[in-house]
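Participant: Final position of the sequence shown in full-length UniProt numbering is 242; the numbers increase by one with none missing. Ideal placement from N, C-alpha and C gives every residue a C-beta, glycine not left out. On a predicted model such as this, the values are computed, not experimentally measured, just so you know. First the structure, then my questions, so here it is.
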Amino acid sequence: MARKNTDTSASQDAKPKKVKKQRWYHQVWSAYQMTRKRDPMVTWVMLGVFAAIMVIAVGIGLAWGHPIYMTIVGLPFSLLGAMFILTRRAERAAYGQIEGQSGASRAALGTIRRGWSFDDEPVAFDPRTKDAVFRGVGRAGVVLVTEGPSTRVKRLTTSEKKRINRVLPNVPVTVVECGNDEGQVPLMKIARTVQKLKPTLTKAELGEVNKRLRALGGAKLPIPKGVDPMRARPDRKGMKGR
């Protein structure tokens, strides 16, 4: 009997402890702290927007003869304006943390919630220059997102397009160069650029494309050590305070 009680207590102790759910205001505070480290002016800009909206609201209230009512009405709008500033600046700061790192474009593409799927590893990679090509599949066809100068990644994308065209001759292949050079797309805009591509495939065709690409495989090259795009991915929930 004693042994049975011991086993029962041991099994109870072995149960995993529930992870405490993080409240939305904790997420907002974390996003604010992260943003302030890279953007010290964020506090003053938020306060400025908050004060400006309140001044407008109180001014309208005085003109109408209802200053207290308009102060109450203006308060949530002031908070909303400050949160909007925090969201935009937090997003910029989050991308700034990973910009320039190998796998940064894959991290940014990870913010696309649906409609596209991307391989975690690059399909083409140059160990010497660290240039990489990531492949994604969606209703717009196949997209190749590059990291590195245009003159260097062209060789990688040309080779990868030939591989894809051999198994998918009628599927559009779009190349999007991520970077700050002329003609390239900044890291912060890379996800929106991919999402704006015009759909050309049906759901049935998309399934067949995925099947053939899985059979084709990738370049079997791991992402450079020390970089984990899945961890470096900007936290949209934290930036929005949800």
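Quick one: grab the DSSP three-state call for L197.
Facilitator: It is coil, neither helix nor strand.
Participant: Does I72 pass the burial test, meaning 16 or more other C-beta atoms within 10 Å, or should it be called exposed?
Facilitator: Exposed.
Participant: Give a yes or no on contact between the stretch 125-134 and the stretch 154-162, applying the rule of three or more CB pairs nearer than 8 Å.
Facilitator: Touching, per the Cβ criterion.
Participant: Are the stretch 138-157 and the stretch 115-129 touching, with three or more C-beta to C-beta distances below 8 Å?
Facilitator: Enough Cβ pairs lie closer than 8 Å, so yes.
Participant: Hey, V49 and G81 are a contact pair by Cβ (cut 8 Å); roughly how many whole angstroms apart?
Facilitator: Going by Cβ atoms, the distance from V49 to G81 rounds to 4 Å, so yes, they are a contact pair.
Participant: Please report the straight-line C-alpha distance between R88 and L197, rounded to a whole angstrom.
Facilitator: In a straight line, the C-alpha of R88 is about 23 Å away from that of L197.
Participant: When the Cα atoms are used, what is the spatial distance from A10 to R113?
Facilitator: Residue placement at A10 is poorly supported in this model, since its pLDDT is 46, which falls under 50; the coordinates are not used for a value here.
Participant: Which residue from E182, R139, V175 puts its Cα closest to that of N210?
Facilitator: Nearest option by C-alpha distance: R139.
Participant: Take I68 and list the residues in its own chain whose beta-carbon comes closer than 8 Å to its own, dropping the five residues that flank it on each side.
Facilitator: Same-chain partners within the cutoff: G61.
Participant: How should E91 be labelled, buried or exposed, when 16 other C-beta atoms within 10 angstroms of its C-beta is the threshold for buried?
Facilitator: The residue is buried, with at least 16 neighbouring Cβ atoms inside 10 Å.
Participant: Kindly indicate which residue of L168, V58, W24 has the alpha-carbon position closest to the one of L216.
Facilitator: It is L168.
Participant: Please report how far the alpha carbon of L206 lies from the alpha carbon of T193, in whole angstroms.
Facilitator: The alpha-carbon atoms of L206 and T193 are separated by roughly 20 Å.
Participant: For I53, which option in F77, P186, H66 has the closest C-alpha, if you only look at C-alpha atoms?
Facilitator: Residue F77 is the option with its Cα nearest to I53.
Participant: By DSSP's criteria, S117 is part of a beta bridge. Which residues make up the other side?
Facilitator: V137, per the DSSP bridge assignment.
Participant: Based on DSSP bridge pairs, tell me the residues matched to L144.
Facilitator: In the DSSP output, where bridge partners are listed per residue, L144 has R135, V175.
Participant: Beta-carbon separation of Y32 and L75 under 8 Å?
Facilitator: Cβ atoms of Y32 and L75: not closer than 8 Å.
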